[in-house]
Each structure stands twice: as C-alpha cells, then as structure tokens.
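S.K.:
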Amino acid sequence: MTFELAMLAGACALGLVHIVLASHSASLKRGYRWSAGPRDEPQAPLGGVAGRLERASANFMETFPVFVAAVIMAQLANAHDWRTVWGSALYLGARVVYLPLYAAGIILFRSLVWNVAIAGIALLIWAAIAP
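Below is the structure:
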C-alpha cells in the first residue's frame with residue numbers, strides 16, 4: 153500500500169469517527185428514543201458541542217470526496233513524489249486537528265487548519281495533472 157492510500161484509509165477511519173461523535177452527541181442531546189425513532193418530526197438545530205460536531209462532520213463530508221478523487225487521480229497517473237506525500241499527509245493531519253478545534257468552538261485558527269487541508273488536496277491534484 154502506498155503512503156497516499158494509507159492516508160486515505162486514515163481519512164476513512166476519521167470519517168467514521170466524525171459520524172459516531174456527531175450521532176452520539178445528537179442522541180445525548182435529543183435522547184436515544186429519538187435516535188431509534190423514525191425522526192419524522194422536524195427538530196430545532198442542535199446547539200453547543202453536539203451542533204458543532206454535526207457541522208464538523210458535514211464539513212468533513214464536503215471535502216472528503218474531493219480528497220478521495222485526488223488520491224485516485226494521483227494513483228492512476230502513477231504520481232508519487234513529495235507533492236502526493238505532503239498533500240495526503242497535510243489533508244489527513246489538518247482534518248484530525250480540525251475536529252477538536254471545531255468541537256471546542258475555536259475560531260480563526262480552525263479556518264487556517266481547514267485551508268491546510270485544502271492545500272493538501274491541491275498538491276495531490278497538481279501531482280496528478282503535472283507529473
């Protein structure tokens with residue numbers, strides 16, 4: 153397995169962490185009866201940590217497909233250099249740091265970390281299109 157694919161596997165695991173944290177925090181806030189039910193009734197948006205975990209998960213799911221595509225493009229182009237290594241590591245590392253920052257409600261620095269993840273994706277795309 154290449155380093156980039158290992159980072160992709162790590163990002164998949166992080167995606168599961170996002171889902172579990174957001175789901176359980178919503179259940180703690182709304183009750184497990186709500187979680188087990190059909191959820192037909194509209195609910196007010198979650199607040200506090202539960203709301204931030206839900207939004208962090210949604211944010212991860214927005215960038216993750218682009219990261220997957222960039223890693224696959226680099227693999228198919230047989231590109232493996234400093235850009236693919238740094239790009240995949242920056243993405244995963246920044247996304248790992250982003251989660252607790254968002255959960256804690258830390259502003260500005262969280263946005264900087266998000267931009268680091270995007271820079272990682274850009275490096276992967278660059279490597280794939282200009283080997």
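All letters in the sequence shown, in the order written, are residues 153 to 283 by the working numbering.
Quick reminder that beta carbons are idealized off the backbone N, C-alpha and C, glycines included.
Using only the alpha-carbon positions, how far apart do Gly203 and Met159 sit?
M.R.: What you label residue 203 is simply residue 51 of the sequence shown in a count that begins at 1. What you label residue 159 is simply residue 7 of the sequence shown in a count that begins at 1. Going by the C-alpha atoms only, they are around 27 angstroms apart.
S.K.: Examine the Cβ distances between the region 227-241 and the region 255-262 and report whether three or more of them are shorter than 8 angstroms.
M.R.: no
S.K.: Excluding the 5 residues flanking Val249 on each side, which residues of the same chain have their C-beta closer than 6 angstroms to its C-beta?
M.R.: Walking along the sequence shown from the start, residue 249 turns up at place 97. Excluding positions up to five away in sequence, the list reads Val265.
S.K.: Beta-carbon within less than 6 angstroms of Phe155's beta-carbon, same chain only, minus the 5 sequence neighbours each way: which residues are those?
M.R.: One-based indexing of the sequence shown puts residue 155 at position 3. Once the five neighbours on either side are set aside, the close Cβ partners of Phe155 are Val237.
S.K.: Exposed or buried, which one is Ser209 when buried takes at least 16 other CB atoms within 10 Å?
M.R.: Translated into the one-based positions of the sequence shown, residue 209 becomes position 57. Ser209 is buried by the Cβ-count criterion.
S.K.: Do Ala188 and Ala226 count as a contact pair if the criterion is CB distance below 9 angstroms?
M.R.: For the purposes of this step, residue 226 is taken as residue 74 along the sequence shown, with counting starting at 1. For the purposes of this step, residue 188 is taken as residue 36 along the sequence shown, with counting starting at 1. Contact: no.
S.K.: Could you tell me the alpha carbon to alpha carbon distance between His170 and Thr215, rounded to whole angstroms?
M.R.: In the sequence shown, residue 170 corresponds to position 18, counting from 1. In the sequence shown, residue 215 corresponds to position 63, counting from 1. Near 13 angstroms, if we compare the C-alpha coordinates of Thr215 and His170.
S.K.: Could you check where the alpha helix (DSSP H) with Glu214 kicks off and where it finishes?
M.R.: Residue 214 sits at position 62 when you count from the first residue of the sequence shown. That run of the alpha helix (DSSP H) goes Gly200 to Leu228.
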